[in-house]
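Novice:
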Amino acid sequence: MKRIVSIVLALVMVMVFATVSMAGWDKCKGCHKETGEPMVVGGKPVLTKADLLKKFKTAADLKKAAKNAQNPIMNAFKGDADINAAAKDLGLK
Ligand code: HEC
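If you count the sequence shown from 1, you need to add 608 to reach this note's numbering.
1. Are there any heavy atoms of the ligand HEC lying less than 7 Å away from the beta-carbon of Asp690, as far as the coordinates show?
2. Identify the residues that DSSP records as bridge partners of Lys652: which are they?
3. Our contact map puts Lys686 next to Lys675 with C-beta atoms below 8 Å; I'd like the distance itself, whole angstroms only.
4. Is the beta carbon of Lys696 less than 8 Å from the beta carbon of Gly632?
5. Quick check on Leu698: does DSSP put it in helix, strand or coil?
6. Run the proximity test for Lys657: is its beta-carbon closer than 7 Å to any non-hydrogen atom belonging to the ligand HEC?
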């Protein structure tokens, strides 16, 4: 019984850490690439990390642009918590 409890606890911990590690910029980089060719959506290249940093100098700029993004693919990533965490990871203030 004790053994099962510790296995379940270990699994829960792994899941919690997995979710936590998918926060902030990690949530964005699947599309906004850090290396290699930019992802293309609807024939348009999606800004890479470097492009975003070049275009947006402050967290407020990044936030405004993210919320204004036209493509519905961005809709799941427009929450304040997501964008604030990403801006922080990118070093924007
Ligand atoms: C599933 C893919 C995907 C993910 C994940 C994603 N984005 Fe985007 N993002 C896009 C696409 C596609 C566009 C272009 C939308 C358009 O052209 O209107 C975009 C546009 C943007 C823009 C606007 C760029 C501009 O030129 O105005 C910002 C800012 C942005 N994303 C930030 C983020 C942030 C921050 C995250 C993470 C919290 C994130 N994105 C996650 C696909 C994604």
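We treat Cβ as the ideally placed atom computed from N, Cα and C, and that holds for glycine.
Specialist: The structure says:
1. yes
2. Val649
3. 5 Å
4. yes
5. coil
6. no
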